[in-house]
Amino acid sequence: MRSIRNSSKNRLALLFGLLAIYLFLVVVPVAFTQDATDTEYRAFPKIGSRNAAWIAAQLHLLFGSFILGVPMFAVVIEYVGMRTKDKRYDKMAQEFIKLCMGAFSTTALMGGVLVFVLIWCYPKVMNKMTGIFGPTMIFYVFLFFGETFTLYLYSYGWDRMQGKVSKMWHLFLGVLLNVFGTAIMFVSNAWLTYQTSPATMDSRHKPIPLHNEETGEFIGTLWQAVNNFTWMPVNIHRLIGNVAFGGAIVGAYAAFRFLVAKTKEDKAHYDWMGYTGNFIALCGLIPLPFAGYWLGRDIYKFNQTMGINMMGSLFSWLFIIQAVMIGVLFIGANYYLWSGMTRIKGGEVYARLRPYMVGIIVICVAVWMTPRTLIATAGEKAAMGGPNHPLIGYFGLMTAKNTVVNLIILTTFLSFLFYRRSGKTPAVGWRKAGNIIISGIFGLAVAAIVTIGLIGFKVETDFRVEVLTPVQVLIALAVLILVTAIDLIMYRKAMRSSDINWGQMSDRSQYVLILLAITFTSLMGLMGYARSGLRENWHIFGVMPDTSPDAFTPLLADAVNVIAVIIVIFFALVGFIFWIGLWGDKKKAKLANLEAGNAVGDD
Amino acid sequence: MPKLSLFTKCVILFAAVWLFLEFFIGGVWSVPLPASVIGMYLGLILVAILVHVSVEDDRFREFLRPIKETLADDKRRTRCTVLFVLVPLVMLVFTFSKVSTKAEAPASVRIAHPAPPDELTYGDKVIGPIQEVENPFRHLEKDDKDAFRAHAENGRRVYYQNCFYCHGDDLDGEGHFAHGLNPLPANFQDPGIIPNFQESFFFWRISKGGPGLPPSATPWDSAMPVWEDYLTEEEIWDVIIFLSEYTGYKPRTFGEAAH
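In order, the protein sequences belong to chains B and S. Each residue of the first sequence is one higher than the last, beginning at 2 in our numbering. Each residue of the second sequence is one higher than the last, beginning at 862 in our numbering.
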């Protein structure tokens, strides 16, 4: 009976999976057999080569990010379920992996499409890249097989491997799946980061070119090409980003299921799943600005022109849009947490603090999104004495932005702390002292972060970038760790005055979860454009010029149109996968009803 | 005095923020804020208000009550009619004020910090990769303080002979000619100018001027002359030293603090 229940979903997943493997097997040999023909470019019909490669690459990345992010937290949730012996965790982790299965095939398909487009449209570039990275591409194929079969074993073996020992093996498979997934991402990141920063670094972190300046011939080693200037910052940024994105997408899935749920049980289950998704997204979102900062710093170090292009010139307005979107993410995530407190009796104690927290976050977001060079008429500029306002012009500087982002993170953490405490009374005798200590830690941290931010206006940029900003980050992280530790001890044997009434959430909060997923996706699309566009008219920066008709940087408005198309396609495909999931569940419910009816008949 | 509804309180808060931005910050405290910034901040305040009122169902119902009553309650028909006339009228005036032709250049987005080329040149002479070129007299700051001071003095002479007409005698961009120019001359007293760029960047901007702006730095209407036609290489480096010495801001370096 089990095989009948799962058959529709499994068959589809297998079909897509086999098709993807077939595509991959067909495509990869073609890539290696490309000879150095004189054809440099071939035009992709109607939409042009760049748009075709752009859409395929971004869709591949979005699905890839999802399927690499989800197993990371699925295996942790499964472990929590095993430790606590709470079957709900196990069920939720399994549900996450089922979503992953559907998206896995689509990721591989998009990867196949991308390779086809690249080989067809950019043969010379691919020839150069395979010449340098050939061995890593073979390694990639092995990793891909490893990941495919580990995922199949992990997913299809879930129900079978529930015994004490076999569960451990199942968890091991989950860890292995993550190892394969992370390795795959690291390998493919080497290729694209090499295009951006084809240089290695010396002991003082100065770039050393890997190509002969006259001939453009590659003179480094494969490892130097892999471990290029921006490889590790991109790896870390994407690793954390995958967790945040995966959390946001499963949160949106849960919200969708919550909104269409007919029973209280289903509403409660998907409410809980949505909360978990948002929690995971927040866990990824909080360190993400720090990782992005590290990447930005290294781009400046690799090439000042590229850095200025990114933050002060060509792409500077894109980063204002990014700031708006990050503002939406933080406001949305906090809104969801505050909504969550309404389903806990006792949460209203903290509601009176909400207006202040909204105020802090909104003021910080206002500073975060204020551009350095303001959009102003000639008259307004003359009144200000230039494009920078004498007062709010300071908000446009990085020291102000780094300060407020740390304050936003601390406020968001405070929201989470209040959520966790709602409906609970600590049993320890030192709860008053504990609260004073926690308040003191927050107060001191805020004072220190703001003071360092103010000092940042006066010191040399290098000192601010290398010393002051990392110290601000470390203070914020220290607060997160210290306060969590104290709070965990304080509330270990806390008395619960009320249970969480799962399912009693407003529909508005669920739409916020969907908004968060869309914002994450848009943000990734925008940043993909920035990362790739930073190369300007180079396939490999400073080494291989782009001489195709597309060798220009598209306007932000044009780029946003392409990104919007990508987002629509992505959510159409994700919606299809969600719908398939819903379809399978309906069939399962029908069969269960039928079984129940038969059982009654037998009696 | 009747108790104010939540909706009215929110409207008052919104109006208070607008007044604060438009008249307090833009008049009493500092110079006027551009309309784009006020619009952006008001948008954020609107989001903040909606977030606060919509988290709890009861509060949200209370917030919506006057709107529903105005639209559905027969007793409030007059209020409804007045609003139905007034709101579109306000929108009309607002839209007209935005699209009507004015006798000034429209608001524009300008790339204030154009990206430099990879190589630094003086005329046809290639000096080196812009990222690696350092001010040849900067080392004197440690090695020979008198010589360094002499270069700064020379920079001061060059500045007041050539630059101060636009960039001002206090280096704040408020020179005699400044108000006739668009874009306005750079204000070196601004903490976002000197500390963010290497000395080689300033050499490039001074030597190539407005005509040397890269393709991405539209519009190319800077009035900055091509100073390499009038100043020697040494004079340009000296004036850069003077800018830094006078303002107290150090140009950007890379990786020195970490070591």
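A virtual CB, placed ideally from N, CA and C, is assigned to each residue, including glycine.
Close beta carbons around residue i, own chain, < 7 Å, minus the five adjacent residues each side
{"i": "B:I442", "result": "V480, L483, V484"}
{"i": "B:L211", "result": "P199, A200, T201, F219, I220, G221, Q225, A226"}
{"i": "B:C365", "result": "V405, L408, I409"}
{"i": "B:A37", "result": "Low per-residue confidence applies at B:A37: pLDDT is 49, beneath 50, and the placement is therefore not dependable, though the value from the model is reported in the following sentence. Closer than 7 Å at the Cβ level, and outside the excluded window around B:A37, lie N128."}
{"i": "B:F291", "result": "V474"}
Limits of the beta strand (DSSP E) - the one that residue i falls within
{"i": "S:K986", "result": "986-990"}
{"i": "B:T371", "result": "B:T371 -> no beta strand (DSSP E), and no H or E assigned at all."}
{"i": "B:A262", "result": "It is not in any beta strand (DSSP E) - B:A262 carries neither H nor E in the DSSP assignment."}
{"i": "B:M202", "result": "200-202"}
Residue i (DSSP reduced to helix, strand or coil)
{"i": "B:P136", "result": "helix"}
{"i": "B:F219", "result": "strand"}
{"i": "S:A976", "result": "coil"}
{"i": "B:H212", "result": "strand"}
{"i": "S:R999", "result": "coil"}
{"i": "S:Y983", "result": "strand"}
{"i": "B:I501", "result": "strand"}
{"i": "S:K1111", "result": "coil"}
{"i": "B:M496", "result": "strand"}
{"i": "B:T426", "result": "strand"}
{"i": "B:N594", "result": "helix"}
{"i": "B:T131", "result": "helix"}
{"i": "S:R926", "result": "helix"}
{"i": "S:L1032", "result": "coil"}
{"i": "B:H390", "result": "coil"}
{"i": "B:Y395", "result": "helix"}
{"i": "B:A37", "result": "Bear in mind that the predicted position of B:A37 carries a pLDDT of just 49, short of 50, making it unreliable; the figure below should be weighed with that in mind. Three-state result, B:A37: coil."}
{"i": "B:G248", "result": "helix"}
{"i": "S:D934", "result": "coil"}
{"i": "S:G1053", "result": "coil"}
{"i": "B:K168", "result": "helix"}
{"i": "S:A1084", "result": "coil"}
{"i": "S:E993", "result": "coil"}
{"i": "S:A1078", "result": "coil"}
Residues of its chain near residue i, where Cβ-Cβ distance is below 6 Å and the 5 sequence neighbours each way are ignored
{"i": "B:F134", "result": "W192"}
{"i": "S:P977", "result": "I991, F1062, W1065"}
{"i": "B:V325", "result": "M370"}
{"i": "B:Y530", "result": "A560"}
Integer-rounded CB distance, given that residue j should sit under 8 Å from residue i
{"i": "B:I345", "j": "B:I490", "result": "Going by Cβ atoms, the distance from B:I345 to B:I490 rounds to 21 Å, so no, they are not a contact pair."}
{"i": "S:C1027", "j": "S:P1044", "result": "With 8 Å as the limit, S:C1027 and S:P1044 do not qualify as a contact, their Cβ atoms being about 11 Å apart."}
{"i": "B:T131", "j": "B:M138", "result": "7 Å"}
{"i": "B:G341", "j": "B:Y420", "result": "6 Å"}
{"i": "B:G252", "j": "B:N279", "result": "5 Å"}
{"i": "S:F1025", "j": "S:I1102", "result": "Rounded, the Cβ-Cβ distance is 16 Å, inconsistent with contact."}
{"i": "B:L535", "j": "S:W890", "result": "Between S:W890 and B:L535 the Cβ distance is about 39 Å, and since that is not below 8 Å, they are no contact."}
Enclosing alpha helix (DSSP H) for residue i [first to last residue]
{"i": "B:M399", "result": "399-422"}
{"i": "B:M162", "result": "Segment: none, B:M162 is in no alpha helix (DSSP H) and carries neither H nor E."}
{"i": "B:M83", "result": "50-85"}
{"i": "B:E381", "result": "379-385"}
{"i": "S:I906", "result": "896-915"}
{"i": "S:P949", "result": "938-960"}
{"i": "B:M491", "result": "470-491"}
{"i": "S:E1014", "result": "1006-1019"}
{"i": "S:L867", "result": "867-880"}
{"i": "B:K433", "result": "432-456"}
{"i": "S:W890", "result": "Unbroken run through S:W890: none, as it is neither H nor E."}
{"i": "S:S1068", "result": "1060-1069"}
Residues near residue i by beta carbon distance below 8 Å, same chain, minus five either side
{"i": "B:V261", "result": "L583"}
{"i": "S:F924", "result": "L867, F868, C871, V914, S915"}
{"i": "B:F414", "result": "I287, V480, L481, V484"}
{"i": "S:L880", "result": "none"}
{"i": "S:A896", "result": "A968"}
The ligand HEM heavy atom lying under 7 Å from the CB of residue i
{"i": "B:L475", "result": "With respect to the ligand HEM, the structure offers nothing, as it holds no ligand at all."}
### Query
Quick one: complete alpha helix (DSSP H) runs, 4+ long, within the segment 506-576 of chain B?
508-534
### Message
My parser needs the alpha helix (DSSP H) runs of 4 or more residues fully inside the segment 302-364 of chain B; what are they?
### Response
305-312, 317-342, 349-352
### beta strand (DSSP E) runs wholly inside the segment 87-125 of chain B, at least 3 long, in chain order
Runs of the beta strand (DSSP E) lying entirely within the segment 87-125 of chain B and spanning at least 3 residues: none are present.
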